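Q: Please find one structure pasted underneath; my questions will follow.
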Amino acid sequence: MEEPLIVNGDVHNGDYLPVRSFSEVKSVFWAETVKLWRIAGPIAFTILCQYGTNATTTIFVGHIGNVELSAVAIALSVIGTFSFGFMLGMGSALETLCGQAFGAGQVHMLGVYMQRSWIILFVSCIILLPIYIFATPILKLLGQEDDIADLAGKFALQVIPQLFSLAINFPTQKFLQAQSKVRVLAWIGFVALMMHVAMLAVFIFVFDWGTSGAAAAYDITNWGIVVAQVLYVIGWCKDGWTGLSWLALKEIWAFVRLSLASAVMLCLEIWYMMSIIVLAGNLDNAVIEVDSLSICMSFNGWEAMLFIGLNAAISVRVSNELGLGHARGAKYSVYVTVFQSLLIGIFCMVVILITKNYFGIIYTSNTELLQSVSHLAFLLGVTMLLNSVQPVISGVAIGGGWQALVAYINLGSYYIFGLPLGYLLGFTANLGVMVTFSNSICPTKYPYALFGYRKEQGKGKKNSEKLDSFFKAFETFPFLSLNFSKIQTEDYIITAFLL
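Throughout, the working numbering is defined as the position within the sequence shown, counted from one, plus 9.
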């Protein structure tokens with residue numbers, strides 16, 4: 010959108026005044042903290058609970074055996090992550106449409122957009138089905154050991170129902186998030202996680218169903234979340250849900266194009282971690298290498314889910330403040346979010362380093378595997394620290410509407426530089442899983458460019474000036490080493506800052 014959502018006659022009307030004292034810093038810090046976590050808290054908790062279904066499944070299966078742990082880790086980290094990334098990306102288009110419709114007062118259109126997304130994501134599930142059906146030969150083609158690939162393929166077939174639950178889950182989540190009804194999502198996620206743990210214990214240890222029991226619990230939990238969300242929408246969202254509508258079948262292709270653009274940006278980042286697991290599966294002593302890397306990735310994933318919530322929150326804060334013409338408000342929200350994200354990253358790193366010889370016990374009691382995990386602890390801690398800032402910077406870019414450029418950056422950092430380097434050092438130089446894992450954190454250190462643009466037309470020029478002042482604020486971040494440059498054309502101001 011090129012015009013402010015609310016046009017203010019005075020630049021300072023509703024925006025922060027310049028901070029000139031420590032007491033003012035405390036006041037702004039507290040105000041922004043409340044605004045940030047009111048959005049990020051429930052979203053992060055919901056995502057943590059959903060991620061917990063994957064992590065607890067891996068934890069319970071890890072106590073069955075090493076091969077079972079490797080197989081389920083491969084199925085969830087490779088097959089599951091591939092489909093999850095694509096489905097999440099396809100569903101992310103709903104954030105833009107539902108957000109704009111809700112802001113414009115067209116609440117009744119939210120239900121129509123949600124139904125349209127249901128249709129598109131259901132078709133996407135059908136397209137993804139061959140990956141699940143032929144998981145075993147695909148994994149063998151990628152170099153996985155036969156016993157691991159066979160069991161992973163069996164598990165992938167058993168969790169096909171979970172794939173189709175995503176077609177309803179993601180659009181329903183975006184429908185509720187657009188209306189800031191995020192607390193109900195947190196409650197649903199928490200109850201589902203508790204039920205999932207109980208089912209895993211009963212199915213695996215009481216009924217002795219093994220990995221089949223884990224798959225059954227996984228399917229039931231995900232469909233339970235879907236049923237709860239849909240019941241809430243139908244019963245308590247009368248304004249947004251007016252029943253099934255034929256309007257959902259209109260303008261499908263335009264919706265698909267928007268969905269694909271969002272999917273590319275997210276998939277390039279999510280699929281990268283999947284690729285790291287595949288590389289580890291081709292190393293010598295693959296069972297131990299995959300297991301140790303999967304355990305570390307699981308802990309890293311817990312932290313990543315928290316920062317996805319912060320990513321969503323800072324995206325909302327920046328877009329709202331810039332839409333209102335509040336450049337200083339956007340600047341301060343980024344200051345506070347980066348500072349708090351760094352604190353969280355430092356805390357996670359310290360915890361991992363202190364408990365490096367013990368945290369793997371949650372997943373396994375195998376001595377050799379615990380030793381391998383301990384060797385990766387330093388890299389895991391550094392990963393957690395570096396990953397604390399990158400999602401915030403990405404959220405700032407998303408808040409400005411620059412997803413396509415973020416996709417190009419992810420393509421270059423992760424796939425043109427990161428993966429080839431990991432392959433060369435891990436295999437050609439025989440440096441093993443530590444180097445392979447270390448290259449999972451390299452893209453967060455490579456030059457990371459974000460580009461913002463705003464047409465200079467009418468009042469849009471005023472917005473452009475405020476956007477410039479927002480970007481210039483980053484020059485005061487000495488620890489981020491930002492270099493500022495600006496290129497002007499006849500129609501656009503292009504602002505870039507390099508990390």
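Every residue, glycine too, gets a C-beta built ideally from N, C-alpha and C. Remember, it's a predicted structure, so these values are computed and weren't measured experimentally.
Quick one: what does DSSP say P139 is sitting in, helix, strand or coil?
A: In this structure, P139 counts as helix in the three-state DSSP scheme.
Q: Determine the contact status of Y122 and Q171, defining contact as a CB-CB distance below 7 Å.
A: No, Cβ-Cβ distance for Y122 and Q171 is not below 7 Å.
Q: S92: which of L267, I136, V43 sits nearest, CA to CA?
A: If we check each option's Cα against that of S92, I136 comes out closest.
Q: What ranges does the alpha helix (DSSP H) occupy inside the region 209-277, keeping only unbroken runs of at least 4 residues that lie completely in it?
A: If we require 4 residues or more, the alpha helix (DSSP H) runs fully inside the region 209-277 come out as 219-245.
Q: Terminal residues of the continuous alpha helix (DSSP H) containing H384?
A: H384 -> alpha helix (DSSP H) spans 376-384.
Q: How is the alpha helix (DSSP H) around A84 delimited, first residue to last?
A: That residue, A84, is in no alpha helix (DSSP H); it is neither H nor E in DSSP.
Q: What whole-angstrom Cβ distance do R326 and L45 have, given they're in contact under 8 Å?
A: Yes, they are in contact, since the Cβ atoms of R326 and L45 sit about 7 Å apart, within 8 Å.
Q: Restricting to runs no shorter than 4 residues, where is the alpha helix (DSSP H) found entirely within the region 104-187?
A: Runs of the alpha helix (DSSP H) inside the region 104-187: 117-142, 144-150, 155-167, 169-187.
Q: Could you tell me the distance, in whole angstroms, from the CA atom of V116 to the CA atom of G249?
A: Answer to the nearest angstrom: the Cα atoms are 5 Å apart.
Q: Classify N366 as buried or exposed, calling it buried when 16 or more other Cβ atoms lie within 10 Å of its own Cβ.
A: Exposed is the call here.
Q: Taking the alpha helix (DSSP H) that P51 falls in, what are its first and last residues?
A: First-last of the alpha helix (DSSP H) with P51: 31-71.
Q: Could you tell me whether the Cβ atoms of G98 and L319 are closer together than 7 Å?
A: Going by C-beta atoms, G98 is not nearer than 7 Å to L319.
Q: Does the Cβ of V211 have 16 or more other Cβ atoms within 10 Å, making it buried, or fewer, making it exposed?
A: The residue is exposed, with fewer than 16 neighbouring Cβ atoms inside 10 Å.
Q: Given I355, which residues of its chain have a CB within under 7 Å of its CB, disregarding the five upstream and five downstream residues?
A: Counting only Cβ-Cβ distances below 7 Å, and skipping sequence neighbours, we find L394.
Q: Return helix, strand or coil for Q466, following the three-state DSSP convention.
A: Reliability of the predicted coordinates at Q466 is poor, the pLDDT of 37 falling under 50, and the value obtained from them is presented with this limitation in mind. Correct three-state label for Q466: coil.
Q: Tell me where the alpha helix (DSSP H) around F348 begins and ends.
A: Its alpha helix (DSSP H) spans residues 336-363.
Q: Could you check whether the region 34-52 touches the region 256-274, counting it as contact only if at least three pairs of C-beta atoms, one from each stretch, sit closer than 8 Å?
A: No: fewer than three Cβ pairs fall under 8 Å.
Q: Specify the secondary structure class of V401 as computed by DSSP and reduced to three states.
A: Note: V401 maps to helix in three-state DSSP.
Q: For I128, which option in V87, A158, F179, I157 has the closest C-alpha, if you only look at C-alpha atoms?
A: Cα-wise, what sits closest to I128 is F179.
Q: If we ignore side chains and look at the alpha-carbon of each, how far apart do S383 and E104 end up?
A: In a straight line, the C-alpha of S383 is about 40 Å away from that of E104.
Q: Among R192, I234, T220, which has the Cα closest to the Cα of M204?
A: Nearest C-alpha to M204: I234.
Q: Using alpha carbons as the reference points, say which of S350, A322, L302 lies closest to I48.
A: Answer by Cα proximity: A322.
Q: Where W311 and Q124 are concerned, what is the direct C-alpha to C-alpha distance, given to the nearest angstrom?
A: Looking at the two C-alpha atoms, the distance is approximately 31 Å.
Q: Measure the C-alpha to C-alpha separation of V206 and F216 and round it to an integer number of angstroms.
A: If I take the Cα positions, the gap works out to 14 Å.
Q: Quick one: is H72 buried, meaning 16 or more other Cβ sit within 10 Å of its Cβ, or exposed?
A: Exposed, since its Cβ has fewer than 16 Cβ neighbours within 10 Å.
Q: Which first and last residues belong to the alpha helix (DSSP H) in which T90 is found?
A: From DSSP, the alpha helix (DSSP H) with T90 extends over 90-100.
Q: Roughly how many angstroms separate the alpha carbons of T392 and C357, rounded to a whole number?
A: Near 10 Å, if we compare the C-alpha coordinates of C357 and T392.
Q: With 16 as the cutoff for other CB atoms within 10 Å, does L138 come out buried or exposed?
A: By the neighbour-count rule (16 or more Cβ atoms within 10 Å), L138 is not buried but exposed.
Q: Determine the direct distance from the alpha carbon of V345 to that of F31, and round the result to whole angstroms.
A: If you take the alpha carbons of F31 and V345, they lie about 14 Å apart.
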